[in-house]
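Residue numbers (this note's numbering), protein chains in the order written: chain A, 17 to 465; chain B, 10 to 339.
Glycine included, C-beta positions come from ideal geometry on N, C-alpha and C.
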């Protein structure tokens, strides 16, 4: 089978999704937009009234915005890490999921930092970060890390898209696709003709970029963890926070990828490409990460509990009383649950692996909540106040609305990207096609010799 | 007498401020009071009442200055730039004598009045601390510790909070982006945040200076500033001035002297003889607020409950207070 006809075939297979929009997906998209609009109203309220409309007060100055920020940014870093690994080591089954992972990486990296901006009291002074930068502040490190990461991930994502844009450009003429989309394909393909030199060069660059984003992801994780661990606060000031965040981040990232895989497989009818094998492998990786993450969580809390410094004891008392159920959900159900499911070979089915991933995601969100909020409620100098909202944090509707708006924005952008380009990279399918051809030729040659 | 001087000064302060801005070009960033005055001398000649004072500059020159200028000077506008340097050759320290505190809350009120704060906004907070289960709790006035290793300054991404040469840690609310990282890294919970807009923030009758902290700004951080505007006038901070018991001593480590207004004592002697300590010494923040332990207390703990109901409620979770309540003492 020659490459050109295969390309045509692939285009035929993926094109219908690019052409029409069904009623269901129209309703779905308007629903997402509605949620985002509520979020925008909440944002407007916060901007005009001040952060008094949030649940944050003088003791707990960072709320669920910070939790969402950590979770999304960690998912993004692990997306970068995983897609870097997939590409760098030529993982054979990467074809079906590579693009999904890359899109997750970029989208969560776009939405995540918005939450840290929502935490800021003076958004109008954002440029001061660049006008009066102080390099010794971990926030400055984080900004540098995030910006570098965004740029690198965009470049990487774009590189993996180029051959697909070329295929789309070459074949879209035959189809009823809006003119601006055709034009867009042409511009974005930047004259890629899939010659051997071009293909080799692109492979080389993509490979280099994949190595770079692995390193960047590790750096960015570390700096994010340092925002907490470099302070003096109980529960934050921990030497293992950087590796703990890396492992926890990878755990949440893999879980998130599995859930997305499940949804994409179901709604985009990609059963042919995203197979049980992917969930099986994903399940095993999630199992290993869950055990590592559980180990880190145990060490972290156990050493605090055993040495029982006064301030740590105060914090743990709070975790074991006021936050008892959250603690059980985050650190028992959220870790032992997935392990319990994935440990059994029989349960590594598509549905069960997805259920384990959902449990893991909920668990890690609560775990992040328990890292950020109870510490702020347990300062060295005891809080002696009569105002309940100054003693304990409770998220307000504004914060919750904006959290859901983030999820909606993620889904919306994912859907829109899915409308413009195939969610399974055509060029990877071709690559594996070429690879098998090569092997076949080699074998044929050997036989004939 | 000092109060009278300020009143006189206030009447034509605007004129003076304009002048101060003009002269700051000639005496760029000069922090020396007397040198500044000498520079203004020529320009204020017309207004001079005729009374002339002779003063000694730090570099040993004698200059003649119009007396009216000296009255006006204390309220001079210190620009945000100047306020980053601090008052030369000073190392301000505070000593709080816990044995004398009876939770009269006059320091809190004085501070709130001086900084135009609301009822619940407290730069100076009074905590009820119990060191161990056997010890009786004591009142613990707590403001910003103006640390020598300030965790807040370390983490500020824009330099909005800064450490000055005279030991004071200030916040420039025109530079602050409200990221609140300083609030989370301060182990003394010294910082408060302006969560919403308030009418008093619009009061632009005085130009803003980080030294006065007034007016505040929405979405920025505030905290105790050791009242550098008063220090420049040779006055004690609001809290030390308002304390009826003389609990709060304030002074200069370079001179080794602290005073509570009534008595002036050697700082090192006070710390050595009375077992002075710093709160949370083990964290390595090196505070500049020292505490004299609550031994041989002058007042009963119950005396401290002669406050309004809201304040009383604040301490209800302290086990000792619950005990006292049971016994019907408060």
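Local conformation of residue 287 (chain A) per DSSP, three classes:
coil
Going by beta-carbon coordinates alone, are residue 146 (chain B) and residue 135 (chain B) separated by less than 7 Å?
no
Where the stretch 311 to 335 of chain B meets chain A: residues whose CB sits under 7 Å from a CB there
319, 322, 323 and 324
Test: residue 352 (chain A) CB closer than 7 Å to a CB of chain B
No Cβ of chain B is located within less than 7 Å of the beta carbon of residue 352 (chain A).
Output needed in chain order: residues of the stretch 393 to 409 of chain A with a Cβ under 9 Å from some Cβ in chain B.
395, 396, 397, 398, 399, 400, 401, 402, 403 and 406
Considering only residues of the stretch 254 to 323 of chain B, which uninterrupted beta strand (DSSP E) runs meet the minimum length of 3 residues and lie entirely inside it, listed in chain order?
257 to 261, 266 to 268, 273 to 275 and 298 to 301
Can you round the beta-carbon distance between residue 295 (chain B) and residue 174 (chain B) to whole angstroms, since I take them to be within the 8 Å contact cut?
15 Å between Cβ atoms; not a contact.
What residues in its chain sit with their C-beta under 7 Å from that of residue 119 (chain B), if we drop five residues either side in the sequence?
247, 248, 250 and 251
Would you grab the beta carbon distance between residue 228 (chain B) and residue 137 (chain A) for me? Rounded to a whole angstrom, and I think it's under 8 Å.
3 Å
Beta-carbon proximity list for residue 209 (chain B), same chain, < 8 Å, skipping 5 on both sides
125, 224 and 225
How many angstroms separate the CA atom of residue 203 (chain B) from the CA atom of residue 104 (chain B)?
29 Å
For residue 61 (chain B), does the three-state DSSP call read helix, strand or coil?
strand
Identify the continuous beta strand (DSSP E) that holds residue 76 (chain A) and give its terminal residues.
Per DSSP, residue 76 (chain A) lies in no beta strand (DSSP E) and is assigned neither H nor E.
Taking just the CA atoms, how far does residue 252 (chain A) sit from residue 326 (chain A)?
Whole-angstrom Cα-Cα distance: 15 Å.
Under 7 Å, Cβ to Cβ, is there at least one residue of chain B near residue 330 (chain A)?
no
In the structure shown, what three-state DSSP assignment does residue 201 (chain B) receive?
The answer is strand: DSSP assigns residue 201 (chain B) an E or B state.
May I ask you to verify whether the stretch 351 to 361 of chain A touches the stretch 390 to 400 of chain A, counting CB pairs closer than 8 Å and requiring at least 3?
no
Roughly how many whole angstroms lie between the Cα atoms of residue 302 (chain A) and residue 121 (chain A)?
18 Å
Taking 7 Å as the limit between beta carbons, can you name the residues of its chain near residue 408 (chain A), skipping five residues before and five after?
393
How many Å lie between residue 199 (chain A) and residue 208 (chain A) at the Cα?
14 Å
Quick check on residue 339 (chain B) - is its C-beta less than 7 Å from some C-beta in chain A?
With 7 Å as the cut-off, residue 339 (chain B) does not count as an interface residue toward chain A.
By Cβ distance below 7 Å, which residues in the same chain neighbour residue 272 (chain A) in space, the five residues on each side in sequence not counted?
So the list reads 91, 120 and 377, once near-sequence residues are dropped.
Provide the residue span of the alpha helix (DSSP H) that contains residue 330 (chain A), from first to last.
Bounds of the alpha helix (DSSP H) holding residue 330 (chain A) are 326 to 337.
Which residue's Cα is closest to the Cα of residue 178 (chain B): B:112, B:100 and B:74?
B:100
Give the interface partners of residue 155 (chain B) over in chain E, defined as CB-CB distance under 8 Å, in chain order.
Going by chain labels, chain E is absent from the structure shown, which instead holds the protein chains A and B.
Reference residue 134 (chain A); option with closest CA among A:319, A:67 and A:103:
A:67
With residue 292 (chain A) as the anchor, note down where its alpha helix (DSSP H) starts and where it stops.
292 to 323
So that I know if they touch, is there some Cβ in chain B lying closer than 7 Å to that of residue 247 (chain A)?
yes
At what residue ranges does the stretch 160 to 226 of chain B contain a whole run of the alpha helix (DSSP H), taking only runs of 4 or more?
The qualifying runs are 160 to 164 and 190 to 194.
Strictly by DSSP, which residues pair up with residue 147 (chain B)?
Bridge partners of residue 147 (chain B) according to DSSP: B:138.
Please name the residue, chosen from B:197, B:152 and B:298, that lies closest to residue 397 (chain A) on a Cα-to-Cα basis.
B:197
Is residue 248 (chain B) close to chain A, meaning its C-beta is less than 7 Å from at least one C-beta of that chain?
no
Close Cβ partners of residue 84 (chain A) (< 7 Å) along its chain, the five nearest in sequence each way excluded:
131, 419 and 422
Any beta carbon from chain B within less than 7 Å of residue 77 (chain A)'s own beta carbon?
Interface residue, yes.
Residue of A:447, A:102, A:329 and A:459 minimising C-alpha distance to residue 172 (chain A)
Nearest to residue 172 (chain A) by C-alpha distance, out of A:447, A:102, A:329 and A:459, is A:102.
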